[in-house]
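First comes the structure, then the notes that go with it.
Residue numbers (this note's numbering), protein chains in the order written: chain A, 534 to 1196; chain B, 2 to 101.
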């Protein structure tokens, strides 16, 4: 069946919203801005839902051609959209979670200057992300890929008057460019050897190749370079450093871009290119190792962070590591499953954290929170759902997806599994640490609130009472108050999704995705039954790890809150290293940034630009000036001096002629 | 018959007088006269060579020079009158700017 679904509507609708708000939003009232932003992002969601409703009646993969973009010789790239099970799931996550976060942002950003700008950027982001997900070739995907980077840059630097936000946005953009460099070279290799960037054509030419044939080195190279791109976008070692700094952006941005959608683009890309990775086992091993190490590494850093958003940022990096671990053991559907559940619970956690920050008037330091459970019950309960989900307690969503990943990893190597389980324990520990520090005990921000420091944390204003649905007018300047309903509604929806999102079961999810990832990755039934018992064992161990994390967090941060300090003091240098993120930022600064700046200054700026390019121009201009100055005196205007010059010239000519004649 | 060297020496003297006058005189009229002197010095050598080689072209050329010199005198004098009217001087050392 070749029905026309008008897939182009899905990305173009948010683009329209972005254009309207971006060009005219300055004159709109806030209500009008909200109306435009929600209308267009909601409409995209509606179109996706209608596509999903008709999905079973379509012939999959469904391609829709819009226009030819580039034609050069035999190479052709089109504006064409590609719909299959994988892109459908991504579409649902991006538009669904995106729409919820749009709603949330209405409440969160209401008091901010540049309100229209924020929503224009958000819609622009949706446009690029949907282009990325829907494209039918690598080139259009790359457009979306770069576009989300741009939107991310704009949104991280939303409070661009703040120095840290401006440099964080630059850092994110530049680090991403390093990854994009790898991605681009991979694309060049694909063009050179397969003559096309179209997914279907490329995968068709790749399919007959096998790891033993001559082209294997090429596929490994392409796979590794694609992984470089994915590591940049999805914040994996060694390019993860931008994501924690990206928390300078407004919290809805952290939720939408840096947790739920954009950072998963790398996972999506690897999953989309699975045909290549399947035939390049060494590249796949690299993916798995990078993912596993990132998961562990980021989780350990997350333990010692005190900024609530930074904890969540490292947790995001760690969870993305899980997804890459899954892709690396060729369990793509498990990775995508975790991508989906992670979008739910991490989006929820960020939004809830935003609600907490909102409640305490812009404070982000968990050491100044505590005892908020009574004050903000809705936030507390939704965040609890998110925390249990990420920690991997059944029956929350995170349990199903994480467990599937660990199980599949164990089949490849117990090392992956061991590190994964240990990371799960760490995840549970740092998340419950956050949970206990924020919501339990006594409020430690009282003296802080008196001193007024809402500004530096988030740039988020204190006073949101004007629209506060609960009308806490009696609260003072920094009084703790629950967020308005417009912020709580998305929290509740996401909390429900975090609870039930995994119930679909990884088996059914995998079956749904199997046409994309080829049936080969689906385990035969007999083998599955055989693994049934061991899966129960693995599940038990990972749930035990999560429970251990909960217990330890409870012990350290609820039962005996003075203990962590003693332990930290006892660990000394190790604790300092962890709390300074292993000095990776400093290492990169000394290893790459400083030499680059020094080299650029000395060689490129002083050496080439100033001493060669500028000097050539300056000196020739200066020389012309000097020569002209000496000749200027000939043009005195004095008639007799002109005559003298003529006579002298004539004399020279005559002398020359005489000399020639007498020679 | 007078040898051609006599004519040529006289022609050279005339031309040298003209050139010297052109270079050292300050009055525009004197300069103008010096130019005519140079032209005539050259004319003299033309006719001398024409007589020597029995070729008419030298004499014809002299007529052309005279005609052009007459035209030049008409234009030149007109310019001199215009200069005098605007600047009230005939001293070329004071006429060293095109701009008034």
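Positions of the beta carbon are idealized from the N, C-alpha and C atoms, including for glycine.
Cα-Cα separation between residue i and residue j, rounded to whole angstroms
i, j, result
"residue 56 of chain B", "residue 1185 of chain A", "31 angstroms"
"residue 1049 of chain A", "residue 970 of chain A", "43 angstroms"
"residue 1155 of chain A", "residue 1135 of chain A", "25 angstroms"
"residue 795 of chain A", "residue 688 of chain A", "12 angstroms"
"residue 580 of chain A", "residue 786 of chain A", "23 angstroms"
"residue 939 of chain A", "residue 820 of chain A", "15 angstroms"
"residue 575 of chain A", "residue 663 of chain A", "13 angstroms"
"residue 562 of chain A", "residue 603 of chain A", "41 angstroms"
"residue 1030 of chain A", "residue 863 of chain A", "26 angstroms"
"residue 1110 of chain A", "residue 585 of chain A", "48 angstroms"
"residue 1037 of chain A", "residue 913 of chain A", "26 angstroms"
"residue 42 of chain B", "residue 1145 of chain A", "59 angstroms"
"residue 732 of chain A", "residue 671 of chain A", "7 angstroms"
"residue 1010 of chain A", "residue 684 of chain A", "Because residue 1010 of chain A sits at a pLDDT of 43, beneath the cut-off of 50, its placement in the model cannot be relied upon, and the point is left open."
"residue 893 of chain A", "residue 911 of chain A", "15 angstroms"
"residue 1074 of chain A", "residue 956 of chain A", "13 angstroms"
Neighbour flag for residue i against chain B, beta carbons, 9 angstroms
i, result
"residue 1180 of chain A", "yes"
"residue 1177 of chain A", "yes"
"residue 1194 of chain A", "no"
"residue 1165 of chain A", "no"
"residue 703 of chain A", "no"
"residue 700 of chain A", "no"
"residue 1170 of chain A", "yes"
"residue 1173 of chain A", "yes"
Reference residue i; option with closest CA among the options
i, options, result
"residue 557 of chain A", "A:1140, A:743, A:1096, A:652", "A:652"
"residue 849 of chain A", "A:896, A:573, A:931, A:816", "A:931"
"residue 753 of chain A", "A:861, A:810, A:568, A:612", "A:810"
"residue 595 of chain A", "A:539, A:1109, A:911, A:854", "A:539"
"residue 614 of chain A", "A:563, A:668, A:656", "A:668"
"residue 755 of chain A", "A:650, A:774, A:725", "A:725"
"residue 1076 of chain A", "A:1183, A:937, A:583", "A:937"
"residue 891 of chain A", "A:825, A:692, A:783", "A:783"
"residue 808 of chain A", "A:737, A:846, A:569", "A:737"
"residue 85 of chain B", "B:70, B:101, B:73", "B:101"
"residue 885 of chain A", "A:1081, A:851, A:1020, A:764", "A:1020"
"residue 1072 of chain A", "A:927, A:1157, A:851", "A:927"
"residue 592 of chain A", "A:617, A:874, A:830, A:572", "A:617"
Three-state class that DSSP yields for residue i in the structure shown
i, result
"residue 840 of chain A", "strand"
"residue 688 of chain A", "helix"
"residue 991 of chain A", "Because residue 991 of chain A sits at a pLDDT of 41, beneath the cut-off of 50, its placement in the model cannot be relied upon, and the point is left open."
"residue 539 of chain A", "coil"
"residue 617 of chain A", "coil"
"residue 97 of chain B", "coil"
"residue 643 of chain A", "coil"
"residue 586 of chain A", "helix"
"residue 648 of chain A", "helix"
"residue 982 of chain A", "Its pLDDT being 47, under 50, residue 982 of chain A is placed unreliably in this model, and the value from its coordinates should be taken loosely. Residue 982 of chain A falls in the helix class under three-state DSSP."
"residue 1074 of chain A", "helix"
"residue 670 of chain A", "strand"
"residue 1058 of chain A", "Residue placement at residue 1058 of chain A is poorly supported in this model, since its pLDDT is 46, which falls under 50; the coordinates are not used for a value here."
"residue 896 of chain A", "coil"
"residue 1185 of chain A", "helix"
"residue 53 of chain B", "helix"
"residue 1080 of chain A", "helix"
"residue 928 of chain A", "coil"
"residue 605 of chain A", "strand"
Min CB distance residue i to chain A below 9 angstroms
i, result
"residue 23 of chain B", "yes"
"residue 88 of chain B", "no"
"residue 93 of chain B", "yes"
"residue 51 of chain B", "no"
"residue 96 of chain B", "yes"
"residue 101 of chain B", "no"
"residue 85 of chain B", "no"
"residue 41 of chain B", "no"
**OP:** Using a Cβ-Cβ cut-off of less than 7 angstroms, give me the residues of the segment 61-80 of chain B that come near chain A, in sequence order.
**Re:** Among the residues of the segment 61-80 of chain B, none has a Cβ less than 7 angstroms away from any Cβ of chain A.
**OP:** For the segment 1130-1154 of chain A, enumerate the residues whose C-beta is nearer than 7 angstroms to any C-beta of chain B, in chain order.
**Re:** Along the segment 1130-1154 of chain A, none of the residues has a CB nearer than 7 angstroms to a CB of chain B.
Original post:
Just by C-beta distance, which residues in the segment 7-39 of chain B are closer than 7 angstroms to chain A?
Top reply: Within the segment 7-39 of chain B, the qualifying residues are 20, 23, 24.
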